[in-house]
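Just below is one structure, and these are the notes that go with it.
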Amino acid sequence: MIRLGITGQSGFVGEHLRAWAGTRPETFVCIPFEDSYFSDEARLRAFVRSCDAIVHLAAVNRASDPAVLRETNVRLVQQLVAAMEAEGVTPHVVFSSSIQESRGNPYGDSKREGRECLAAWAKRHGARFSGCVIPNVFGPYGRPYYNSVVATFCHQLTHGETPHIDADGELPLIDVGVLCCRILEMIERGQTGDCILLEPMGKRRVSELLKMFNGFKETYVMQGIIPALPTPLDVALFNTFRGFCELRTFFPFPLTAHADNRGVFVEIIRLAGCGGQVSFSTTRPGITRGNHYHTRKIERFAVIRGRARIALRRVGHSETYTFELDGAAPAFVDMPVWFTHNITNIGTEDLYTVFWINEPYHAADPDTYFEEV
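Counting from 667, one number per residue, gives the positions in the sequence shown under the numbering used here.
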């Protein structure tokens, strides 16, 4: 069991890393951390003393005064080093630096200086250190206007705003989930290095990203169509986009029923090249199915007969979203990644539900984690 400490765990990458570590309880246990520890030497020292590995993510990305940004980020590293030296401990430290190291801006300079400071500490004490130089990170639930242009575009297009391009550069991209898995594997395998360049999943120009997200809005938001997603990067970008859709206004998404003397025909889903698996189930009154979440799969529940209550809760959060569906007015609800979900028959007859998911079930890699809503 590896006792894992994450500084900045309330931030975008930190929250995801803590969640990913939670999918591997047999290997990792997370040590609590609060940003206030950097203002309390005793608590910071107790924190480093409790950890077998520390991922240092705490940093300021943007500030009105560039000098304050640089000073703050370097100071946080120095405080971490001082705490470890005071306690005489040498946990495996992973540092998240950035490809902006080489661009001569205050943020990149602060990251390079922090990485070099920790590398020197590791050399002095014979400790394990992994200095990660990371591409542009994106993923579900990022903070718009702060974490990435991906988060900004997704927020704008799902909230009635109009995006614009400041500079049409080419961005090397990595999904936050892929990044977190690489960090955890690095710790588990004991991989070290003063300057480890993490490979991006791919590259996209800013204009290409905006074109893609506009397409997602047209197909998914306006028509409920799952777009073609030929690469893992495309899937990750789509999961990020749909993570910005407001659940209460977007769902339940109405379906069109075509009725004649033969009965009713309802098209549940139209695919744009991503295939997947469609399943049908009956559920007896009072029975609940599910109580699990996925980290990459795209899943849709469509109620076609009976009455159902679908409940969703984002992992690590307390707010629950509930939707009641009735087969008399067919509708569907999609399951965002990192939302544990279930479906309950709240009627008096059998519930008929059709499920679609974008990849068939594989026992060796099910991407299914059980947790009560």
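No residue lacks a Cβ here, since even glycine has one placed at the ideal position from N, Cα and C.
query	result
Residues of its chain near L937, where Cβ-Cβ distance is below 8 Å and the 5 sequence neighbours each way are ignored	I891 and I892
Alpha carbon of E933 to alpha carbon of D992, nearest angstrom	16 Å
Beta carbon proximity, D834 to chain C, threshold 8 Å	Of the protein chains in the structure, only one exists, and it is not chain C.
Endpoints, the beta strand (DSSP E) within which Y1018 is located	L1017 to I1023
DSSP three-state assignment for E700, whether helix, strand or coil	coil
Residue from Y812, G797 and R848 whose Cα sits closest to the Cα of V726	Y812
Spatial neighbours of A968 in its chain, beta-carbon cut-off 6 Å, leaving aside the 5 residues before and after	I934, F998 and V1020
V816 in three-state terms, based on DSSP	helix
Those runs of the beta strand (DSSP E) which lie wholly inside the stretch 943–987 and span at least 3 residues	943–949, 954–959, 965–971 and 973–980
Expected contact under 8 Å - CB spacing of S763 and G797 to nearest Å	6 Å
DSSP beta-bridge partners of K869	P838
Host beta strand (DSSP E) of A719 (start-end)	A719 to H722
Those residues which DSSP pairs with R669 across a bridge	V695
At least three beta-carbon pairs within less than 8 Å, the stretch 713–721 to the stretch 731–751	yes
C-alpha gap between C820 and F699, whole angstroms	30 Å
L845 versus E1025, A1029 and A687, residue with shortest Cα-Cα distance	A687
Candidates L823, I800 and P810, of which the one nearest M888 by Cα	L823
Cβ-Cβ separation, F907 to F882 (assumed contact under 8 Å), whole Å	5 Å
Own chain, CB closer than 6 Å to Y987, minus 5 neighbours either side, in chain order	L913 and L978
Segment contact, 8 Å Cβ cut-off, at least three pairs: the stretch 944–954 with the stretch 1014–1034	yes
Selected residue, minimal CA-CA separation from S814, among R769, F678 and T689	F678
The stretch 858–871 contacting the stretch 924–933, beta-carbon criterion three pairs below 8 Å	no
Closest Cα partner of R973 within the set C783, P996 and T961	P996
Residue of T738, G856, E751 and L850 minimising C-alpha distance to F694	L850
Sequence-distant residues of its chain with Cβ nearer than 6 Å to V734 (five each side left out)	none
Three-state class that DSSP yields for G770 in the structure shown	coil
Proximity to E737 [Cα-Cα], best of V714, R709 and G774	G774
I697 versus G674 - alpha carbon distance	12 Å
Three or more C-beta pairs below 8 Å linking the stretch 749–763 and the stretch 787–797	yes
Host beta strand (DSSP E) of V666 (start-end)	Limits of the chain in this structure are 667 at one end and 1039 at the other, which puts residue 666 out of reach.
DSSP three-state assignment for E681, whether helix, strand or coil	helix
Nearest-angstrom Cα separation, counted from I964 out to E1025	8 Å
Length of the line joining the Cα atoms of T818 and P810	4 Å
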